[in-house]
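Chemist: Note that the numbering used here gives residue 169 to position 167 of the sequence shown, counting from 1, and the numbers run on in steps of one.
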Amino acid sequence: MRRQFIVPAESCARSAAEARRTVLRDLHDGVGPSLAAVALGLRSVRQLLTSDPAGAARLLALLEDEMHSAIDDIKSLVANESPATVTRLGLVGALELFVAALRSRLHVAIDVVVLTEIPPLPDAVSVAAYRIVREALTNVVTHADARTCEVRLWFDGELHVEVLDDGVGAAELSNGVGLASMRQRASDLGGNCRVEPGADGGTRLAAALPVP
Numbered sequence: 003m004r005r006q007f008i009v010p011a012e013s014c015a016r017s018a019a020e021a022r023r024t025v026l027r028d029l030h031d032g033v034g035p036s037l038a039a040v041a042l043g044l045r046s047v048r049q050l051l052t053s054d055p056a057g058a059a060r061l062l063a064l065l066e067d068e069m070h071s072a073i074d075d076i077k078s079l080v081a082n083e084s085p086a087t088v089t090r091l092g093l094v095g096a097l098e099l100f101v102a103a104l105r106s107r108l109h110v111a112i113d114v115v116v117l118t119e120i121p122p123l124p125d126a127v128s129v130a131a132y133r134i135v136r137e138a139l140t141n142v143v144t145h146a147d148a149r150t151c152e153v154r155l156w157f158d159g160e161l162h163v164e165v166l167d168d169g170v171g172a173a174e175l176s177n178g179v180g181l182a183s184m185r186q187r188a189s190d191l192g193g194n195c196r197v198e199p200g201a202d203g204g205t206r207l208a209a210a211l212p213v214p
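(1) Express the C-alpha separation of residue 132 and residue 98 in angstroms, rounding to a whole number.
(2) So the candidates are 191, 56, 107 and 159; which of them puts its Cα closest to the Cα of residue 44?
(3) By a C-beta neighbour count over all protein chains shown, 10 Å radius and 16 as the cutoff for buried, is residue 195 buried or exposed?
(4) Out of 66, 123 and 40, which has the shortest C-alpha to C-alpha gap to residue 89?
(5) When you compare only the Cα positions, how much space is there between residue 95 and residue 101?
(6) Round the Cβ separation of residue 140 and residue 35 to the nearest angstrom and send it over; I've been treating them as touching at under 8 Å.
(7) Quick check on this structure: which residue in 202, 212, 214 and 169 has the alpha carbon closest to the alpha carbon of residue 110?
(8) Looking at residue 163: is its Cβ nearer than 8 Å to the Cβ of residue 155?
(9) Rounding to the nearest angstrom, what Cα-Cα distance links residue 187 and residue 66 in this structure?
(10) How big is the Cα-Cα spacing for residue 198 and residue 56?
(11) Look at the alpha carbon of residue 114 and the alpha carbon of residue 54, and state the distance between them as a whole number of angstroms.
Encoded structure:
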């Protein structure tokens, strides 16, 4: 006799709601920063059109590449895969590429500093760290009014990520959607993420992500 397994409607609704939350979070933390960076680039292009048309054309070419990358990220999200840039370049390479894009159009000195050797990481850890840093940097360049920012990564059995800036205001966003999403990403892995005033002013974001 064939057995029938009935999944309770309440359980299905919870699963569907969690799936929607995951997709919305990935859109906010992934595609959101990409489009924010493109918007900042377009602002720079507008400023360059009269004074440096050639520079504006070069920046537009970069923005076109970034839009293609954002499209690839959307396709990866739909296919439930890691972001294409992380898959292609690894965590550090993907972060350096994003930072280079921001640095090319902003008056913020952003550096990526790797303090220890980073071993091969599970996809879930790499993606969480990548999303957390991108969202943190988007907050810095749009809200903190910072002049310098440093991204630090190191490994001591856990992956540690810090984003330090000398600006003002980012710590006030501690109840915002973006920072809540970053905390949730860390929590999903059994880690933690916090935002606090920096020791020398500015804001410090620190995340610790366990690695199985």
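For glycine and all other residues, C-beta sits at the position ideal for the given N, C-alpha and C.
Modeler: According to the structure data:
(1) Near 10 Å, if we compare the C-alpha coordinates of residue 132 and residue 98.
(2) Restricting attention to 191, 56, 107 and 159, the CA atom closest to the CA of residue 44 is found in 107.
(3) Buried, since its Cβ has 16 or more Cβ neighbours within 10 Å.
(4) Considering only alpha carbons, the answer is 123.
(5) In this structure, the straight-line span from the alpha carbon of residue 95 to that of residue 101 is close to 10 Å.
(6) Their Cβ separation, rounded to whole angstroms, is 4 Å, which keeps residue 140 and residue 35 in contact under 8 Å.
(7) The residue among 202, 212, 214 and 169 with its C-alpha nearest the C-alpha of residue 110 is 169.
(8) Contact: yes.
(9) Each residue's alpha carbon lies about 29 Å from the other.
(10) Roughly 42 Å between the two C-alpha positions.
(11) Cα-Cα distance, rounded: 29 Å.
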